[in-house]
Structures are given as structure tokens and as C-alpha cells.
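Report on one structure; see the data block that follows.
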């Protein structure tokens, strides 16, 4: 289990205990913390999706370039190479998004 999931579970349990004890002020504060954890979890999931997408773009670009390089690059390979370049740029964009999402002030 990752740290965010552990924190979410701990907060959920703490909220339940506070409600049982009728400590609604503390339960509210834990609920606010739970909202923050949900946001962090959603961001973590987006980063994971972006990383997977970037990896798939890289792998597809490698396949295209390897196939074009097998018999030496020719003009007929130009559309495939252009597609590989687009995939590499897409991967770079995803990598940049991941970097932005994980840099915290």
C-alpha cells in the first residue's frame, strides 16, 4: 500500500472514531484533511496515467525507428519517422506534465 492510501485509511478511521465520540469539530478537521488526501490521490493517479502514456509513446516510437533503420532509412520511411517524432514529442509533453505535477514549492 502506498503512503497516500495509508493516510486515507488512517483519516477515515479517525473520522469514524470522532463521530462515535461526538467530537464533531475534530471530525470536521479530519474530513478537511480527507479532502486534501483525495486531491493528492487523484493527482497521483493522473501522474501514473501520464507516465504510462509517455512510456507507450516511447515504445511505439522505438519500434517505428527500428523498423525504418533495418534496411537503412529511405524516403519511403519518412512518414513513419515523422510519426515517431510526434510520439516522442507527446512523450516529452507527458514527462513535462509529470514534472510539473510532482514539483512542490
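Residue numbers (the numbering used here): 33 to 137. Quick reminder that beta carbons are idealized off the backbone N, C-alpha and C, glycines included.
Look at the beta carbons and you see the segment 127 to 136 touching the segment 81 to 91: at least three pairs across the two are nearer than 8 Å. Following the DSSP letters along the chain, one finds residue 45 inside the alpha helix (DSSP H) bounded by residues 35 to 52. In terms of CA proximity to residue 100, 109 leads the group 67, 109, 38 and 63.
Excluding sequence positions up to five before and after residue 92, its CB lies within less than 7 Å of the CB of 119, all in the same chain and listed in chain order.
If you draw a straight line from the Cα of residue 98 to the Cα of residue 114, it comes to about 14 Å. In this structure residue 116 touches residue 96 by the C-beta definition: roughly 4 Å separates them, less than 8 Å. Between residue 69 and residue 39 a beta carbon distance of about 5 Å is seen, short of the 8 Å cut, so the two are scored as contacting. DSSP places residue 134 inside the alpha helix (DSSP H), whose first and last residues are 110 to 134.
A straight-line Cα-Cα distance of about 22 Å links residue 94 and residue 79. The beta carbon of residue 56 lies closer than 8 Å to those of 50 in the same chain, with the five residues before and after it left out.
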